[in-house]
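**Q**
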Amino acid sequence: MNQNQSLQLMLLTFGPNIKNHYQACFCILSFLKDPLKPAVTVYTDRPEFYRCFEGQVDLVVVDQVQLQAWRGEADFFWRIKCKAVEDMVLRHPGQHIMYVDSDTFLGGGLQDVIQHLDQGQTLMHLNEGKLAQLDTKTTRNMWQVLAGSCHEGITIDKGSAMWNAGVVALPGPIASAVAEHTVAVCDSLCATKAPRKLLEQFAFSLALNHAVALQPADTWIGHYWGNKEQWNAAIAEFYLHSKLYNRNLQEDIAAASEFAYDSIALHCRVSSSNRRLKGLAETLFPNKVHQYFKH
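Residues 5 to 299, numbered by the numbering used here, are exactly what the sequence shown covers, in order.
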């Protein structure tokens, strides 16, 4: 398989939930179907889930000791993501690095992504808005705590934006400096009383935009965090067909090329009334006790 060594694609998956891993496998297939196949590395504690790639995906096996160390002094879970990107940069100096969440896919052409990186642009999935204007409990509390504060040379003001970190892409010449800066910004943010839920995402947003004005990658890469139920069902069916038809890797890549990526919504918002009524129905009409096989 000819791979484009100028772009290093990385994913980070760990834990026993197999859904996270088959999402990652499907994501990788969506990139390998492109003529400019990137080199792919998966950071994982479950290497057995990636045997289907027949050695054509590099695996960095991380154990609980390493994951705990990457959480840092603040013991922040998602600092692991910042450190994994930093580690990837150290392994591939001078090369373009692109991290993607497992619940993403390449829906456009990789050539455009590489062209932006060749031009020295940093990429994240999309701009979610200025922190000062975002209206969730978490972001309001973040703004209240962080407004006007300075973190590793970056002052948080009304123009500071929150970008979605489902995609984080660093051009080779500045990748090392930006990855290191991201970790430092994350640590500085963790030292405040701001809620931590989105701090690693905000750290990437600040550090990448500080280096070069961020550009969105949502034209080429889909991120279905808002509709995992339907996407998981479709991916499970994809791999069920793969198993029953005994497809090999090249046949799976061909099947991924034929997949209708625009046929399933990326986001599907369920109304609160819908959730409440379903919860009430389950309370009022619980399932009957089922009969199980005995021998």
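Glycine is no exception: its CB is placed at the ideal position from the N, C-alpha and C atoms.
As the structure is a prediction and not an experimental result, all values here were calculated from the model.
Does Phe289 get closer than 8 Å to chain C when you measure Cβ to Cβ?
**A** As a matter of chain content, chain C is missing from the structure shown, which is built from one protein chain.
**Q** Taking the continuous alpha helix (DSSP H) assigned at Thr142, which residues delimit it?
**A** Here residue 142 refers to the residue found at position 138 when the sequence shown is read from its first residue. Here the alpha helix (DSSP H) through Thr142 covers Lys141 to Leu150.
**Q** If contacts are defined as beta-carbon pairs under 8 Å, then Tyr265 and Phe109 qualify, I think. What distance do you get, rounded to the angstrom?
**A** Numbered from 1 along the sequence shown, position 261 holds the residue referred to as residue 265. Numbered from 1 along the sequence shown, position 105 holds the residue referred to as residue 109. At roughly 6 Å, the Cβ-Cβ gap stays under 8 Å, so Tyr265 and Phe109 are in contact.
**Q** Among Ala240, Gly226, Pro175 and Glu156, whose alpha-carbon lies nearest the alpha-carbon of Ala211?
**A** By 1-based counting over the sequence shown, the position of residue 211 is 207. The residue with the shortest Cα to Cα distance from Ala211 is Glu156.
**Q** If we ignore side chains and look at the alpha-carbon of each, how far apart do Leu193 and Asp67 end up?
**A** Position 189 of the sequence shown, counting from 1, holds the residue named residue 193. Position 63 of the sequence shown, counting from 1, holds the residue named residue 67. Roughly 26 Å between the two C-alpha positions.
**Q** Exposed or buried, which one is His100 when buried takes at least 16 other CB atoms within 10 Å?
**A** For the purposes of this step, residue 100 is identified with residue 96 of the sequence shown, where counting begins at 1. Buried, since its Cβ has 16 or more Cβ neighbours within 10 Å.
**Q** With C-beta atoms as the reference, is Glu204 less than 8 Å away from Arg75?
**A** Sequence index remark: in the sequence shown, residue 204 carries index 200 (1-based). Sequence index remark: in the sequence shown, residue 75 carries index 71 (1-based). For Glu204 and Arg75, no; Cβs fall outside 8 Å.
**Q** Cβ of Ala25 within 8 Å of Cβ of Phe57?
**A** Within the sequence shown, residue 25 is the residue found at index 21, counting from 1. Within the sequence shown, residue 57 is the residue found at index 53, counting from 1. Note that residue 25 is His in the sequence shown, not Ala. Cβ distance not < 8 Å, so His25 and Phe57 don't count as in contact.
**Q** So what does DSSP say about Thr108, is it helix, strand or coil?
**A** Taking the sequence shown and counting its residues from 1, one reaches residue 108 at position 104. Three-state DSSP puts Thr108 in a strand.
**Q** Please state whether the Cβ-Cβ distance between Ala269 and Ala221 is less than 8 Å.
**A** Indexing the sequence shown from 1 puts residue 269 at position 265. Indexing the sequence shown from 1 puts residue 221 at position 217. No.
**Q** Can you give me the Cβ contacts of Val117 inside the same chain, cut-off strictly under 6 Å, excluding the 5 residues immediately before and after it?
**A** Here residue 117 is taken as the residue at index 113 of the sequence shown, counted from 1. Here the set comprises Trp224.
**Q** In its own chain, which residues sit with a C-beta less than 7 Å from the C-beta of Phe81, not counting the 5 before and 5 after it?
**A** As a working note, residue 81 is residue 77 in the sequence shown. These residues qualify, in order along the chain: Arg75.
**Q** Please say whether Gly230 and Gly176 have beta carbons closer to each other than 8 Å?
**A** Within the sequence shown, residue 176 is the residue found at index 172, counting from 1. Within the sequence shown, residue 230 is the residue found at index 226, counting from 1. Not closer than 8 Å, so no.
**Q** Ignoring anything shorter than 4 residues or poking outside the region 151 to 232, list the alpha helix (DSSP H) runs there in chain order.
**A** Within the region 151 to 232, the complete alpha helix (DSSP H) runs of at least 4 residues are 176 to 194 and 203 to 215.
**Q** Distance, Cα to Cα, Glu262 vs Glu241?
**A** Along the sequence shown, one-based indexing puts residue 262 at 258. Along the sequence shown, one-based indexing puts residue 241 at 237. Rounded to the nearest angstrom, the two C-alpha atoms are 14 Å apart.
**Q** Would you mind listing the alpha helix (DSSP H) stretches within the region 29 to 92 that are 4+ residues and don't spill past its ends, in chain order?
**A** The qualifying runs are 68 to 74.
**Q** DSSP has Gln12 in a bridge; who is on the other side?
**A** Stepping through the sequence shown from its first residue, residue 12 is reached at position 8. Paired residues: Ala43 and Ile101.
**Q** Run the CB neighbour count on Ala28, radius 10 Å, all protein chains shown included, and call it buried at 16 or more, exposed below.
**A** By 1-based counting over the sequence shown, the position of residue 28 is 24. By the neighbour-count rule (16 or more Cβ atoms within 10 Å), Ala28 is buried.
**Q** Between the region 132 to 147 and the region 249 to 263, do at least 3 Cβ pairs fall closer than 8 Å?
**A** Too few Cβ pairs lie closer than 8 Å, so no.
**Q** Which term fits Lys292, buried or exposed, when burial requires 16 or more other beta carbons within 10 angstroms of its beta carbon?
**A** Locating residue 292 in the sequence shown gives position 288, where the first residue counts as 1. The residue is exposed, with fewer than 16 neighbouring Cβ atoms inside 10 Å.
**Q** Could you tell me if Phe297 is buried or exposed, where buried requires 16 or more neighbouring beta carbons within 10 angstroms of its beta carbon?
**A** For the purposes of this step, residue 297 is identified with residue 293 of the sequence shown, where counting begins at 1. Looking at its Cβ environment, which holds fewer than 16 other Cβ atoms inside 10 Å, Phe297 is exposed.
**Q** Does DSSP classify Met5 as helix, strand or coil?
**A** Sequence index remark: in the sequence shown, residue 5 carries index 1 (1-based). Since pLDDT at Met5 reaches only 49, below the 50 mark, its modelled position is unreliable, and the value read off the structure follows with that caveat. Met5 falls in the coil class under three-state DSSP.
**Q** Using a threshold of 8 Å, state whether the C-beta atoms of Val93 and Met128 are closer than that.
**A** The sequence position of residue 93 within the sequence shown is 89, counting from 1. The sequence position of residue 128 within the sequence shown is 124, counting from 1. No, Cβ-Cβ distance for Val93 and Met128 is not below 8 Å.
**Q** Name the one or two DSSP bridge partners that Asn131 has.
**A** One-based indexing of the sequence shown puts residue 131 at position 127. Per DSSP, Trp167.
**Q** Using three-state DSSP, classify Thr126 as helix, strand or coil.
**A** By one-based count along the sequence shown, residue 126 stands at place 122. Reduced to three states, the DSSP call for Thr126 is coil.
**Q** Nearest-angstrom Cα distance between Ala165 and Asp107?
**A** Along the sequence shown, read from residue 1 onward, the residue named residue 165 stands at position 161. Along the sequence shown, read from residue 1 onward, the residue named residue 107 stands at position 103. Their backbone Cα atoms lie some 23 Å apart in a straight line.
**Q** Would you mind reading off the limits of the alpha helix (DSSP H) that contains Leu253?
**A** Stepping through the sequence shown from its first residue, residue 253 is reached at position 249. First-last of the alpha helix (DSSP H) with Leu253: Leu253 to Glu262.
**Q** Which residue's Cα is closest to the Cα of Ser34: Gly112, Met102, Thr142 and Asp62?
**A** As a position in the sequence shown, residue 34 is number 30, starting the count at 1. Closest by alpha carbon: Gly112.
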